[in-house]
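Just so you know, the sequences run in chain order A and B. Heads up: the first sequence runs through residues 1 to 351, numbered per this note's numbering. Heads up: the second sequence runs through residues 1001 to 1351, numbered per this note's numbering. Report on the structure given below.
There are 2 protein chains.
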Amino acid sequence: MASHGARNRSGGRPTLEEVAARAGVGRGTVSRVINGSPRVSDATRAAVEAAVAELGYVPNTAARALAANRTDAIALVVPESETRFFAEPYFSDMLKGVGAELSDTEMQLLLIFAGNDRERRRLAQYLAAHRVDGVLLVSVHADDPLPDLLAQLEIPAVISGPRSAAETLTSVDSDNYGGARSAVEHLLDRGRTRIAHITGRLDVYGAQRRVDGYRDALRDAGHPVDDLLIEPGDFTEEGGSRAMRNLLERRPDLDAAFAGSDVMAAGARQTLREAGRRIPQDVALVGYDDSAIARHMDPPLTSVRQPIEEMGRRMLDLLLAEIADRRPAVSRGLERRQVVLATELVARASS
Amino acid sequence: MASHGARNRSGGRPTLEEVAARAGVGRGTVSRVINGSPRVSDATRAAVEAAVAELGYVPNTAARALAANRTDAIALVVPESETRFFAEPYFSDMLKGVGAELSDTEMQLLLIFAGNDRERRRLAQYLAAHRVDGVLLVSVHADDPLPDLLAQLEIPAVISGPRSAAETLTSVDSDNYGGARSAVEHLLDRGRTRIAHITGRLDVYGAQRRVDGYRDALRDAGHPVDDLLIEPGDFTEEGGSRAMRNLLERRPDLDAAFAGSDVMAAGARQTLREAGRRIPQDVALVGYDDSAIARHMDPPLTSVRQPIEEMGRRMLDLLLAEIADRRPAVSRGLERRQVVLATELVARASS
DNA sequence: ATCACTTGTGGGAGCGCTCCCACGGTACCT
DNA sequence: AGGTACCGTGGGAGCGCTCCCACAAGTGAT
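So, in structure tokens, the structure goes:
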């Protein structure tokens, strides 16, 4: 006779109790089997597993969350609008890395945009309700209050680019300084000397570090650093385009440019085209990120590769470790962890 | 004296009970205030709201979900890989529409990819656990088992393109047939007669309807329909490129092409370029979707605009209505709802 | 004065799980 | 033989909420 007995509120879905009855064991034992505790005999485990299969038992997440005070969910917070998110390959690669690493887990990933004030307030509320066990924070600006909010709420968090050298949160980053250096050194090797730099948003620490790398590479090679060759961008294509217009006006004799992102490089290329400058004959161009854009550009763009997917994977690993650490209320991380991954220059036809 | 009394498990967060004590009322009353019940006197409501503010009370979602048997979350399920998701403007526009409409709500949106078997199994498990109150299903293929699974689990769902004319789920779609007709009629108006069609994946109903519209438009104008001018694509740029190569080989005399998506049109354009055909002088080109790609193409692409963001908004409205309907176990929708939105041809330089 | 209804309110019961204590059984020491 | 340890197990208590019944107080018709 098919199971049609115990009708409970949740549309007749079997509960732990029913599985226990079916398997002829206690509630606790079923819970132990479900949660993979080793303290169960093989025979009992088999019996429980059979009962689970027969009844098609699926644990009730809400009940578990309430009893255990955890959610088995983490959030990937993007402090940008949806539009920027889709325009920027950085985010999609990051998401891919996180997603891949996550698929081994029972964890659920939530994607949350916090591009405007309204969304940010909503997010704050969300975090205050502790609806996630941890947070992955991507591309944060220097003055962002979010990291401090997380710290205050004692929510485990990992940040993808530290806000400063003194970042207190666990962070994963690529070697922005070294990456920028390699880009500039590459251009110097190619015989270029009047090398411009289109920076990223300077309230992003990584963008500052790239400027530092640019400066130091020039200085160490015995070249003067001319501030007229440095123009701030904002990581958008339009911004890259505008920056290059300004640069050409101020220093029409420039013979190379290093852009703080591929997207900005694409904008710069557009401007160079319109100005009749050939790439790379007249102006050599180097980007940053080595995203799909770089490979598909005409000419293909030399770029500094960041291992973004790997950064995503590492971030998740660190976050899961922090969440696990926190469970039995341990000593709590005095040791802050900062992972820095190496970059690699990928030379293509644009330089 | 600051509140430092009742330390509960959840890190000292106040509970309903504590708010009730503070406001000098019962638990039920606080619950009523929180949930906006009208059956509370103004004075009591004010007292409760004050207590909530003082204590910084935030409801515990897990407890609410357990007691009320709902999650206040819905899922947007994309039966594609992350890569396809980011490559296809359709999805991002859809997400934008849904997100905009959702921000008025307390609902949480989950983005779930189900591109491979593993992810699909995970999703099935997820749905079986009833972790969401409803599902938005985007771009489903004819043989996808997901809709039936949802029906079987009695989870409210809205689908973005019906699987067939006999779709049983509530659906939102644009007028694919009419959109295709308008594209072909436009090309005929421009004096083109040898009009090719690069189709989308034919296991997507909407793509079939576009083929129907293409055929009927030609026939009604008194032109024969030559199957050699119809080439299947797969909605990817590479597929569009390949399709155009095949078409040029079979019918080198073609003077126009209507592609089932802008992305495929971009691929076709590439092939036409390589073959030395000028757009629009030699071959006029029309796409579908009117995505950002169309505006930025060189030359700008004539395209059939679908109101994708609005589709997203409508889908969400319908889903929320279904969820609300279901709460007091009503008669249950014998009236299936199918919304069809109009398309509009946007003429640009490519035709 | 009585009844019938409405309105606002309190609080018990219960959602399905995890945590943890207690208990019987076995194994291994003294 | 008794003592000690640990293993596998059962089940009570409790997580923070919603649902709903009960009840007091008010309102108006009879």
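Where a beta carbon is used, it is the ideal one built from N, C-alpha and C, also for glycine. None of these values were measured; they are calculated from a predicted model.
In chain B, no part has a C-beta under 7 Å from the C-beta of L187 of chain A; the shortest such distance is about 29 Å. Contact between D1093 of chain B and I1293 of chain B is absent: CB atoms are separated by about 12 Å, not below the 8 Å threshold. Contact annotation, G179 of chain A with G213 of chain A: C-beta distance approximately 7 Å; criterion of less than 8 Å satisfied. Using beta-carbon distances, Q152 of chain A does not count as an interface residue toward chain B, since no partner is under 8 Å. For the segment 256-284 of chain A, there are no residues whose beta carbon sits under 8 Å from a beta carbon of chain B. Counting the other Cβ atoms within 10 Å of the Cβ of T302 of chain A gives 16 or more, which makes it buried. Chain A places a beta carbon closer than 8 Å to that of Q1125 of chain B, counting this residue as a contact.
For A157 of chain A, the nearest beta carbon of chain B is not closer than 8 Å to its own beta carbon. Here the C-alpha atom of D1175 of chain B lies approximately 29 Å from the C-alpha atom of R1245 of chain B. Chain B has a Cβ within less than 8 Å of the Cβ of R118 of chain A. Among the residues of the segment 1032-1064 of chain B, those with a Cβ less than 9 Å away from any Cβ of chain A are G1056, V1058, P1059, N1060, T1061, A1062, A1063 and R1064, in the order of the chain.
For L1285 of chain B, there is no enclosing alpha helix (DSSP H); the enclosing beta strand (DSSP E) covers residues A1284 to D1289.
Residues of the segment 1072-1083 of chain B that bring their beta carbon within less than 8 Å of a beta carbon in chain A comprise E1082 and T1083, in sequence order. Of the other Cβ atoms in all chains shown, 16 or more fall within 10 Å of the Cβ of A243 of chain A; this residue is therefore buried. The DSSP assignment places complete beta strand (DSSP E) segments of no fewer than 3 residues inside the segment 1066-1108 of chain B at 1073-1078, in order along the chain. Minimum Cα-Cα distance from G1024 of chain B among the listed residues B:T1044, B:G1206 and B:D1282 corresponds to B:T1044. The Cβ of F86 of chain A sits closer than 8 Å to at least one Cβ of chain B. Within the segment 129-149 of chain A, the residues whose Cβ lies closer than 9 Å to some Cβ of chain B are A129, H130 and R131, listed in chain order.
Neighbourhood of G1179 of chain B in chain A, by CB distance below 7 Å: empty, with the nearest CB roughly 24 Å away. Using a Cβ-Cβ cut-off of 7 Å, L1095 of chain B is close to E82 of chain A, given in chain order.
For a Cβ distance threshold of 8 Å, residue set R1118, E1119 and R1122 of chain B lies close to S103 of chain A, ordered along the chain. Of the candidates A:L247, A:Y90, A:L146 and A:L127, A:L127 places its Cα closest to the Cα of R70 of chain A. By the rule that beta-carbons nearer than 8 Å mark a contact, L1111 of chain B touches chain A. For T1029 of chain B, no beta strand (DSSP E) encloses it; the enclosing alpha helix (DSSP H) starts and ends at R1027 to I1034.
At a cut-off of 8 Å between beta-carbon atoms, S1291 of chain B makes no contact with chain A.
With three or more CB-CB distances shorter than 8 Å, the segment 283-300 of chain A counts as touching the segment 180-193 of chain A.
Close CB contacts of A151 of chain A within its chain, under the 8 Å cut and outside five residues either way in sequence, are with A157, T168 and L169 (chain order). C-alpha of L95 of chain A to C-alpha of R1210 of chain B: approximately 33 Å in a straight line.
Taking C-beta separations shorter than 7 Å and ignoring five residues to either side along the sequence, the partners of E1310 of chain B in its chain run G1097 and L1341, following chain order. Distance from the CA atom of Q338 of chain A to the CA atom of D117 of chain A, rounded to whole angstroms, is 29 Å.
At a Cβ-Cβ threshold of 8 Å, A207 of chain A and G260 of chain A count as neighbours.
It is roughly 32 Å from the alpha-carbon of V1135 of chain B to the alpha-carbon of R1013 of chain B.
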